[in-house]
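Asker: Pasting in a structure now, in structure tokens, and then I'll have a few things to ask.
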Amino acid sequence: YVIYTSGSTGKPKGVLISQRGLMNLICWHQDAFEITPLDKTTQLARSAFDAAVWELWPCLTAGASLVLVKPEIMQSPPELRDWLIAQEITVSFLPTPLVEKILSLEWDENIALRIILTGGDKLHHYPSVSMPFKLINNYGPTENTVVTTSGIVPDYEEGNSSSPSIGKPISNTKIYILDQNLQPLPIGVPGELHISSVGLARGYLNRLELTKEKFISNPFNSGILYKTGDLVRYLPEGNIEFLGRIDNQVKL
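When the count follows full-length UniProt numbering, it moves up by one through the sequence shown with no breaks and lands on 252 for the last residue.
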């Protein structure tokens, strides 16, 4: 399928996603979050966004129930919380800005909700108190079929990194943190995130030059690397910290 994204450029481009990439996303999600026909999940994203692909296919192919959310409910975090509880939702994806607000609310202990997935923006805060569900922070460009890395967000503790990490690579995905000469960087040193994965897109629709610029030969083995333009670094425990966009960095 083709899905359009503007990224940081503001210029829409069609991304050619393969069936293999979609199947990798589906299989990883169903395994990682133990999705069964008993689950009730949500769809908040509009169909034009790649998050909708993630919400839709892993749920329906597992035989789970997909529950649609009224837009007006999404405008009020307390109403959304109450709706999630009343509908007995078990797994829900919420955009990062909404999760930041959800984390400040009080939650009952005995609820059906077991996982909240988030992504799309940098997550700035840890849960200040223990939540009755797991919070999973995710990262991924459209060019790698929605999700590239994923990890549980722990409760806030002294010594945590300044913001929650984006976790580790999902199934059949390898990441490289490289300098401008495509050389690997050590733990703690910021560099550009490059992706090698079965989920990589075939390129951009009718944009051959841009495809050649962003999808490059992998210097470490056969295959392709996608240059994300994102600045990240390895943390000591192996998780990855998202720092921002390369093109937002100013050299002095």
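Even glycine gets a Cβ: it sits at the ideal position worked out from N, Cα and C.
Looking at the strands, I want to know which residues DSSP matches up with Ile240.
Answerer: Looking at the DSSP assignment, Ile240 forms a beta bridge with Tyr234.
Asker: If you count every other CB in all the chains shown that lies within 10 Å of the CB of Glu213, and 16 or more means buried, which is it?
Answerer: So Glu213 ends up on the exposed side.
Asker: Rounded C-beta distance between Glu55 and Ala45? I'm assuming under 8 Å.
Answerer: Yes, Glu55 and Ala45 are in contact; Cβ-Cβ is about 6 Å, under 8 Å.
Asker: Tell me which residue opens and which closes the beta strand (DSSP E) that Gln19 is part of.
Answerer: Premise fails: Gln19 lies in the alpha helix (DSSP H), 19-32, not in any beta strand (DSSP E).
Asker: Among Lys227, Pro37, Leu182, Leu94, which one has its Cα closest to the Cα of Pro71?
Answerer: Of the listed residues, the one whose Cα sits closest to Pro71 is Leu94.
Asker: Let me check one thing: in DSSP terms, what residues is Ile177 bridge-paired to?
Answerer: DSSP lists Leu193 as partners of Ile177.
Asker: Who are Ile3's beta bridge partners in DSSP?
Answerer: Beta-bridge pairing links Ile3 to Val15.
Asker: Beta-carbon separation of Ser171 and Asn239 under 8 Å?
Answerer: No, Cβ-Cβ distance for Ser171 and Asn239 is not below 8 Å.
Asker: Determine the direct distance from the alpha carbon of Leu25 to that of Leu178, and round the result to whole angstroms.
Answerer: Their Cα atoms are separated by approximately 25 Å.
Asker: Considering only the beta carbon of each residue, do Pro98 and His125 sit closer than 8 Å?
Answerer: Per the sequence presented here, residue 98 reads as Leu, with Pro not at that position. No, they are not a contact pair.
Asker: Quick check: what's the CA-CA separation for Val2 versus His194?
Answerer: Answer to the nearest angstrom: the Cα atoms are 22 Å apart.
Asker: Pull up the CB-CB distance for Ile111 and Leu135, whole angstroms please, since I reckon it's below 8 Å.
Answerer: 14 Å between Cβ atoms; not a contact.
Asker: Go to Thr96, then tell me how far its alpha helix (DSSP H) extends in each direction, as first and last residue.
Answerer: Note, Thr96: alpha helix (DSSP H), 96-102.
Asker: Relative to the C-alpha of Leu16, which candidate in Asn206, Ser150, Pro78 has its C-alpha closest?
Answerer: The shortest Cα separation from Leu16 among Asn206, Ser150, Pro78 belongs to Asn206.
Asker: According to DSSP, which residues form a beta bridge with Ile170?
Answerer: According to DSSP, which records beta bridges pairwise, Ile170 is partnered with nothing at all.
Asker: Return the chain-ordered list of same chain residues with a C-beta closer than 8 Å to the C-beta of Ser92, the five sequence neighbours on each side being excluded.
Answerer: Within the same chain, Ser92 has close Cβ partners Thr41, Thr42, Leu44, Leu84, Leu113, Ile115, Ile116, Leu117.
Asker: Alpha carbon to alpha carbon, how far is Gly229 from Phe220?
Answerer: Going by the C-alpha atoms only, they are around 19 Å apart.
Asker: Could you have a look at Ile152 and say whether DSSP puts it in helix, strand or coil?
Answerer: Correct three-state label for Ile152: strand.
Asker: So if DSSP puts residue 273 in a beta bridge, which residue, or which two residues, is it bridged to?
Answerer: Limits of the chain in this structure are 1 at one end and 252 at the other, which puts residue 273 out of reach.
Asker: Report the three-state DSSP secondary structure of Asp224 (helix, strand or coil).
Answerer: Asp is not the amino acid found at residue 224; the sequence shown has Ile there. Here Ile224 sits in strand by DSSP.
Asker: Skipping 5 residues on each side, what residues in its chain have a beta carbon closer than 8 Å to that of Thr36?
Answerer: Ala62, Gly63, Ala64.
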